[in-house]
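Protein chains: 4
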Amino acid sequence: MAAVLRGSRYLVGRCCRNVDFAFVSTRSMASKTQVGFVGLGNMGNPMAKNLIKHGYPVIATDVFPESCKELQELGAQIVDNPAEVADKADRIITMLPSSPNVIDVYTGPNGILKKVKKGSLLIDSSTIDPAVSKDMAAAAEKMGAVFMDAPVSGGVGAASSGKLTFMVGGAEEEFTAAKELLSCMGANVVYCGQVGTGQAAKICNNMLLAIGMIGTSETMNLGIRLGLDPKLLAKILNMSSGRCWSSDTYNPVPGVMEGVPSGNNYQGGFGTQLMAKDLGLAQNTATNTKTPVPLGSLAHQIYRMMCARGYATKDFSSVFQFLREEEGAQ
Amino acid sequence: MAAVLRGSRYLVGRCCRNVDFAFVSTRSMASKTQVGFVGLGNMGNPMAKNLIKHGYPVIATDVFPESCKELQELGAQIVDNPAEVADKADRIITMLPSSPNVIDVYTGPNGILKKVKKGSLLIDSSTIDPAVSKDMAAAAEKMGAVFMDAPVSGGVGAASSGKLTFMVGGAEEEFTAAKELLSCMGANVVYCGQVGTGQAAKICNNMLLAIGMIGTSETMNLGIRLGLDPKLLAKILNMSSGRCWSSDTYNPVPGVMEGVPSGNNYQGGFGTQLMAKDLGLAQNTATNTKTPVPLGSLAHQIYRMMCARGYATKDFSSVFQFLREEEGAQ
Amino acid sequence: MAAVLRGSRYLVGRCCRNVDFAFVSTRSMASKTQVGFVGLGNMGNPMAKNLIKHGYPVIATDVFPESCKELQELGAQIVDNPAEVADKADRIITMLPSSPNVIDVYTGPNGILKKVKKGSLLIDSSTIDPAVSKDMAAAAEKMGAVFMDAPVSGGVGAASSGKLTFMVGGAEEEFTAAKELLSCMGANVVYCGQVGTGQAAKICNNMLLAIGMIGTSETMNLGIRLGLDPKLLAKILNMSSGRCWSSDTYNPVPGVMEGVPSGNNYQGGFGTQLMAKDLGLAQNTATNTKTPVPLGSLAHQIYRMMCARGYATKDFSSVFQFLREEEGAQ
Amino acid sequence: MAAVLRGSRYLVGRCCRNVDFAFVSTRSMASKTQVGFVGLGNMGNPMAKNLIKHGYPVIATDVFPESCKELQELGAQIVDNPAEVADKADRIITMLPSSPNVIDVYTGPNGILKKVKKGSLLIDSSTIDPAVSKDMAAAAEKMGAVFMDAPVSGGVGAASSGKLTFMVGGAEEEFTAAKELLSCMGANVVYCGQVGTGQAAKICNNMLLAIGMIGTSETMNLGIRLGLDPKLLAKILNMSSGRCWSSDTYNPVPGVMEGVPSGNNYQGGFGTQLMAKDLGLAQNTATNTKTPVPLGSLAHQIYRMMCARGYATKDFSSVFQFLREEEGAQ
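Residue numbers (the numbering used here), protein chains in the order written: chain A, 404 to 733; chain U, 404 to 733; chain D, 404 to 733; chain B, 404 to 733.
Have a look at this one:
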């Protein structure tokens, strides 16, 4: 019956006109059949584990064989490359570092699309350029498969505890199928629109996050130098129009809040170089769409300068430290 | 008895060493004696009205006689200049456009300090450079009077409804006395620390507000151009780490929220030129304290460019409109 | 004999290991044999004319047939597409608006590489991403051809008078062959290094040019508002360390210099949208190489904002006008 | 006769209406009578020496007595404070670190204006806010004296060799008198206009200089990372529209030029903190005149960040080093 639903669904699917219905029925939804997983890094590994916890047989691969061991011990089947994953699973999740990796994993010589089954559901949770997501979706469609972008917000901790937020772009009719799997790994699964809008939402959020974090750091630093107590200043901002997530939930000033990286010498959290990467994506999409983003652009440059000055692996809230006067500096 | 308390308080008052206790008793606190008010503009006028509503006899002045008429009809006594106000009231509130006006009203030829009574409480609610507040406090102290800075957040609407927030700087022992009056005009009265910290808190909040507003506008514009629905994008940001007051309470995109200036062609609200003024103060204090504020500084420049391009009197959320492509532009 | 020289040259050519020497001799250098030209727009048209003036038979194409008429009347042979050009000429120059056009003209279904002869010299004078230049060079090498990037500085006037500057990247052994043709169209032909460095030099120059122009405009505007006479200020800058091409050769303030766009309501010259495009390329290469370019990035954003506000087709020195206060603005 | 000329000159002096002609004749111009000098720091000391070399008897003072020793040995008379200088000399030059020092030296309890003679010529070579220059001029005028601002460009080396450039603001009729003295210390003495325009010219030049230097550093760094040889890139820029003083005269990349601080680990030259100070002045004047200076403002912030990160005393061309990737950084 799922097959019927899926088949009928394609009748309205604007971008799926080449799909051969005879093959659609091969993708099983209701039962917990195998799910493929490509990319078992810091994020992918706990995500795949959560699929196993929810009872899904997982068939996985990674370019680094050692990354696969832990999952193998938990019962996952490990294969040599993405094409073999696609040969055995008709629902596949990919979690990769950047656009070139995604292009290779989907369209490379041993890529998913080499052996993808018609009707397969391909979900990419990497954070990449939305233009690449659109390219992958078009390539998948030619093979009769469906591609969705579903980048996450939340770090390794949220990946482990299954509390990620997924922002999903792609054919709306596929959203229920995608949500079934993503719900095993995340607390929120939000449908954003056509392919690429998941990436767009992720990129937009992180650009505003970076602006808010640098802005909060500048503001707290200025206030402290003007004689304000940091906790009091944070309290005032948080009851006023200066309030933002960086001021009330992840304050960058050591001692203002408990349990955030600023209280732990900016270790853990979301690294400066990862933020710089996301801001680079935001900049690229802004340039391509001729959209002025003056503060987003300057935020990108500031995180880039921080990477050049040794802050690459510190949490992105360390911009407070970067802007403060060094001890001994004039 | 209030006099006793006030006298004993001075024993610990670091900056009040020249006060002649014999004169302290002349300022009455418990009873509703006359309160002076200087500056009856868009903000000062409704503030003074609220004092009258709360039963305080008001003695007021303004450089524009016509600004005084309404208050006079409500029973206020109108005098010629600030010195005459100081001659008749030992608690005075000032609400003026900028630093030079404050300097003139306090230290000019017909200024408050020409006739101020010893022990008087002088509260300045103008938004000015904290360095000027400190200068006024020092000048007041020489005359045996107490100066506090108490700038407000909230616009004309909040002034009319008595819902302003006051951020107060000055001797902590005076805060209770100041709060008695300020509570008639505001919903929140927050003690911030030594003289100038009220201004510092106000300036810091508005700098972060400007950064958040421009950041939100850039982000919403970018997301829309990438194919996201504006309401959906706002919803995603507001449940994520991009959340800020400008995204969840005062969204700059027409149609996303009700009852904000973006829904009314950016009329009303907080004018771009007023924001530019506050950002100029933030820039000055940052320069004077050698504090880097890269985003705050760029925000200042953007609002300055907007003023040059005809946005001076539009609400500051019109930066969304400024960044969007003009119809017909390439 | 030229063929011999060319053949021997390849013995040291690091990146030309697949070339079949038997075919190298087919490219003629000393005699004025046919030269192909793809892209007959505002720049390409006068450039191709200069080749004809220097006695080269030209075989050309453009996506817009009407662009070819003038050249045809001058004796050029017009063909249908780039592949046909490559079928008939072993030296080809391309002059196209942007990276996607270049990719299509070289690697598309009717692209040059479909019919390119081994040993052909392909010179691209478009201003594009250096990474695309490298891709084209690699694709050309696979076909036994040599690709060089040779973007120009100088506008339509310099193209007409043969006074362009070419910045050339590619195998050094080919530079003499490239210079033979480029010298017909330009006054300076500069060898920059490996493939892509011509683009890099062009992009770097224009980024610094944009920074200098905006900086000069801000500075002149500030000086004027501080009471300085604009001509005097320009003179002082030009004898001091503030001197730059924008201050001493192309001053953006109307009335300071003769014969520049600022004296002609910013008509002619180098359009704001073209500068915005080049700054977008600079931003992309900076992002890809993780290079901080804070002023270059802000310059990009300012030209982007100007495009959004109706300045797209005005000369890029109109940033002086953009930053000045509008008449009637506050 | 000089006195006659000076007296008649005042008949057209718009801002000199309070001058008592009877006293004007007391200032001697043609003969080498005593010249006062206040501020014997790194710049003031060699400047005063050059006056002595030119045969002027110098009477000097400095807040640090040890700064006066060298000059005393050369025959200068050392007195206790600026008032005493003014008591004995009717031509005085001041060279001080910042606005507050200037205010104190002129209007403080032992300031010049306490004992200034009518008709005295007071020349301030400090780099300060032009608004302060105007205030000093107004204060001097009340005492019947003439104040001119004459900030310098050129560093300690130029001060020692008498090769400074002076930018002079003030009554045009006084310029000849000022030039007589300034020519002993500088190679160029430029009249800029009314009081404050000397400062304006200096501030404008240095703002554009800072923009050019950071822009050159970004550009050179980007080009190098794109594979260009730094010397070749500098050569290309210098023959193109990217040319500026920082690229052709003071290149910030080690090895590109001889005899500049970049070749000496950025020692000597013009310190980053001094540039940050001048940019702070530019920012203040821009804020006060409501002039948008986006690049100037960001340049200020970058130099401010550099000061916070340990670059305060390095030459301002070290921004190239600041923007480059640290060894070992990602």
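The C-beta atom is built at its ideal place from N, Cα and C for all residues, glycine as well. Fair warning: this is a prediction, and the values are worked out from it, not measured in the lab.
**Request:** Tell me, please, whether the CB atom of Ala492 of chain U is closer than 8 Å to any CB atom in chain D?
**Result:** Sequence index remark: in the second sequence, residue 492 of chain U carries index 89 (1-based). Taking Cβ atoms only, chain D never reaches closer than 8 Å to Ala492 of chain U, which makes this a no.
**Message:** Going by beta-carbon coordinates alone, are Ala562 of chain A and Met450 of chain A separated by less than 8 Å?
**Reply:** On the first sequence, residue 562 of chain A is found 159 positions in, with the first residue counted as 1. On the first sequence, residue 450 of chain A is found 47 positions in, with the first residue counted as 1. Cβ distance < 8 Å, so Ala562 of chain A and Met450 of chain A count as in contact.
**Request:** Verify whether the separation of the beta carbon atoms of Leu629 of chain U and Thr692 of chain A is less than 8 Å.
**Result:** To locate residue 629 of chain U, count along the second sequence from 1; it is residue 226. To locate residue 692 of chain A, count along the first sequence from 1; it is residue 289. Contact check for Leu629 of chain U against Thr692 of chain A passes: the beta carbons are separated by less than 8 Å.
**Prompt:** Considering only residues of the stretch 634-679 of chain D, which uninterrupted alpha helix (DSSP H) runs meet the minimum length of 4 residues and lie entirely inside it, listed in chain order?
**Reply:** 648-651
**Item:** Rounded straight-line distance, which links the Cα of Pro460 of chain B to that of Gln676 of chain B
**Value:** On the fourth sequence, position 273 is the one that residue 676 of chain B refers to. On the fourth sequence, position 57 is the one that residue 460 of chain B refers to. Distance between the alpha carbons of Gln676 of chain B and Pro460 of chain B: 34 Å.
**Item:** Through-space distance from Glu575 of chain B to Thr778 of chain D, alpha-carbon basis
**Value:** Since the first residue of chain D shown is 404 and the last is 733, residue 778 of chain D is not available in this structure.
**Message:** Could you pull the DSSP bridge partners for Arg494 of chain A from this structure?
**Reply:** On the first sequence, residue 494 of chain A is found 91 positions in, with the first residue counted as 1. Answer is A:Leu524.
**Message:** Contact defined as beta carbons within less than 8 Å: I believe Gln686 of chain A pairs with His703 of chain A. What is the distance between those atoms, to the nearest angstrom?
**Reply:** Working through the first sequence from its first residue, we reach residue 686 of chain A at position 283. Working through the first sequence from its first residue, we reach residue 703 of chain A at position 300. Correct: roughly 5 Å between the Cβ atoms.
**Prompt:** Excluding five sequence neighbours on each side, which residues of the same chain lie with their C-beta closer than 6 Å to the C-beta of Ala489 of chain U?
**Reply:** Position 86 of the second sequence holds residue 489 of chain U. Result list for Ala489 of chain U: Ile515, Lys518, Val519, in chain order.
**Message:** Taking its Cβ as the centre, do 16 or more other Cβ atoms sit within 10 Å of Lys456 of chain A, making it buried, or is it exposed?
**Reply:** In the first sequence, residue 456 of chain A corresponds to position 53, counting from 1. The residue in question, Lys456 of chain A, is exposed, as its Cβ has fewer than 16 Cβ neighbours within 10 Å.
**Request:** Taking 8 Å as the threshold, find out whether the stretch 540-549 of chain B comes into contact with the stretch 614-621 of chain B through three or more Cβ pairs.
**Result:** no
**Request:** Would you mind giving the Cβ-Cβ distance between Val598 of chain D and Gly560 of chain D, rounded to the nearest angstrom? I have them listed as a contact below 8 Å.
**Result:** Position 195 of the third sequence, counted from the first residue, corresponds to residue 598 of chain D. Position 157 of the third sequence, counted from the first residue, corresponds to residue 560 of chain D. Not really, about 29 Å apart at Cβ, beyond 8 Å.
**Prompt:** Can you tell me where the beta strand (DSSP E) with Asn484 of chain A in it begins and where it stops?
**Reply:** Numbered from its first residue, the first sequence carries residue 484 of chain A at position 81. First-last for Asn484 of chain A: undefined, no H or E at that position.
**Message:** Strictly by DSSP, which residues pair up with Tyr594 of chain U?
**Reply:** The residue labelled residue 594 of chain U in the question sits at position 191 within the second sequence. The partner list for Tyr594 of chain U (beta bridge, DSSP) reads U:Val571.
**Request:** Taking 8 Å as the threshold, find out whether the stretch 652-671 of chain B comes into contact with the stretch 654-662 of chain U through three or more Cβ pairs.
**Result:** Output reads no: the stretch 654-662 of chain U does not touch the stretch 652-671 of chain B.
**Request:** Could you check the C-alpha separation between Ala479 of chain B and Lys452 of chain B for me, to the nearest Å?
**Result:** In the fourth sequence, counting from the first residue as 1, residue 479 of chain B sits at position 76. In the fourth sequence, counting from the first residue as 1, residue 452 of chain B sits at position 49. Approximately 9 Å, taken between the alpha carbons.
**Cα-Cα separation, Ile481 of chain U to Pro554 of chain U** = Translated into positions along the second sequence, residue 481 of chain U becomes position 78. Translated into positions along the second sequence, residue 554 of chain U becomes position 151. When rounded, the distance between both Cα atoms is 24 Å.
**Item:** Selected residue, minimal CA-CA separation from Ala603 of chain U, among U:Leu726, U:Lys537, U:Glu487
**Value:** In the second sequence, counting from the first residue as 1, residue 603 of chain U sits at position 200. When only C-alpha atoms are compared, the closest one is U:Lys537.
**Message:** When you compare the CB of Leu625 of chain A with every CB in chain B, is at least one pair closer than 8 Å?
**Reply:** Here residue 625 of chain A corresponds to residue number 222 of the first sequence, with the count starting at 1. It does not; no Cβ of chain B falls within 8 Å.
**Request:** May I ask you to report which of helix, strand or coil DSSP gives Asp532 of chain A?
**Result:** For the purposes of this step, residue 532 of chain A is identified with residue 129 of the first sequence, where counting begins at 1. The answer is coil: DSSP assigns Asp532 of chain A none of H, G, I, E or B.
**Prompt:** Going by Cα to Cα distance, which pick from D:Ile526, D:Gly645, D:Gly666, D:Ser650 is closest to Thr579 of chain D?
**Reply:** The sequence position of residue 579 of chain D within the third sequence is 176, counting from 1. Comparing Cα positions, the closest option is D:Ile526.
**Asked** Is Cys710 of chain D close to chain A, meaning its C-beta is less than 8 Å from at least one C-beta of that chain?
**Response** As a working mapping, residue 710 of chain D is identified with position 307 in the third sequence. By this cut-off, Cys710 of chain D is an interface position.
**Asked** Could you check where the beta strand (DSSP E) with Ala463 of chain U kicks off and where it finishes?
**Response** Here residue 463 of chain U corresponds to residue number 60 of the second sequence, with the count starting at 1. From DSSP, the beta strand (DSSP E) with Ala463 of chain U extends over 461-464.
**Prompt:** Taking buried to mean at least 16 other C-beta atoms within 10 Å of its own C-beta, is Asp483 of chain D buried or exposed?
**Reply:** Position 80 of the third sequence holds residue 483 of chain D. Exposed, by the Cβ-count rule.
**Message:** Just verifying my parser: in three-state terms, what is the DSSP assignment at Asp632 of chain B?
**Reply:** Within the fourth sequence, the letter at position 229 stands for residue 632 of chain B. Note: Asp632 of chain B maps to coil in three-state DSSP.
**Message:** Within 8 Å of any Cβ in chain B, is that where the Cβ of Pro707 of chain U sits?
**Reply:** Numbered from its first residue, the second sequence carries residue 707 of chain U at position 304. Before going on, a small fix: residue 707 of chain U reads as Arg here, not Pro. Cβ-Cβ to chain B under 8 Å: yes for Arg707 of chain U.
**Asked** Do the CB positions of Asp718 of chain B and Gly672 of chain B come within less than 8 Å of each other?
**Response** The count along the fourth sequence starts at 1 and reaches residue 718 of chain B at position 315. The count along the fourth sequence starts at 1 and reaches residue 672 of chain B at position 269. By the CB criterion at 8 Å, Asp718 of chain B and Gly672 of chain B fall inside the cutoff.
**Asked** Closest to Ile531 of chain U by CA distance: which of U:Thr690, U:Pro468, U:Leu698, U:Ser502 is it?
**Response** Numbered from its first residue, the second sequence carries residue 531 of chain U at position 128. For Ile531 of chain U, the nearest C-alpha among the options comes from U:Ser502.
**Close beta carbons around Lys435 of chain B, own chain, < 6 Å, minus the five adjacent residues each side** = Taking the first residue of the fourth sequence as position 1, residue 435 of chain B is located at position 32. Within the same chain, Lys435 of chain B has close Cβ partners Gly458, Tyr459.
**Request:** Pull up the distance between the alpha-carbon of Asp423 of chain B and that of Tyr509 of chain B, whole angstroms please.
**Result:** Counted from its first residue, the fourth sequence places residue 423 of chain B at position 20. Counted from its first residue, the fourth sequence places residue 509 of chain B at position 106. Model confidence at Asp423 of chain B stands at a pLDDT of 36, short of 50, so the residue's coordinates are unreliable and nothing is read from them.
**Message:** Is Asn654 of chain B close to chain D? Criterion is C-beta to C-beta, closer than 8 Å.
**Reply:** Your numbering for residue 654 of chain B matches position 251 in the fourth sequence. Not one chain D Cβ lies under 8 Å of Asn654 of chain B.
**Message:** Using the three-state DSSP reduction, which class does Val505 of chain U fall into: helix, strand or coil?
**Reply:** Reading the second sequence from its first residue, position 102 is the one you call residue 505 of chain U. Here Val505 of chain U sits in helix by DSSP.
**Prompt:** Which residues bound the alpha helix (DSSP H) around Val559 of chain D?
**Reply:** The residue you call residue 559 of chain D lines up with position 156 of the third sequence. From DSSP, the alpha helix (DSSP H) with Val559 of chain D extends over 559-564.
**Message:** By the 8 Å beta-carbon criterion, what residues does the stretch 526-557 of chain A contribute toward chain U?
**Reply:** Listed in sequence order: Pro533, Ser556.
**Item:** Selected residue, minimal CA-CA separation from Gly557 of chain U, among U:Gly674, U:Gly713, U:Thr694
**Value:** Taking the first residue of the second sequence as position 1, residue 557 of chain U is located at position 154. The shortest C-alpha separation from Gly557 of chain U is found at U:Gly674.
**Asked** Apart from the five residues just before and just after Ser620 of chain U, which ones in its own chain have a Cβ nearer than 6 Å to its Cβ?
**Response** The sequence position of residue 620 of chain U within the second sequence is 217, counting from 1. Answer for Ser620 of chain U: Pro655, Val722, Phe723, Leu726, listed in chain order.
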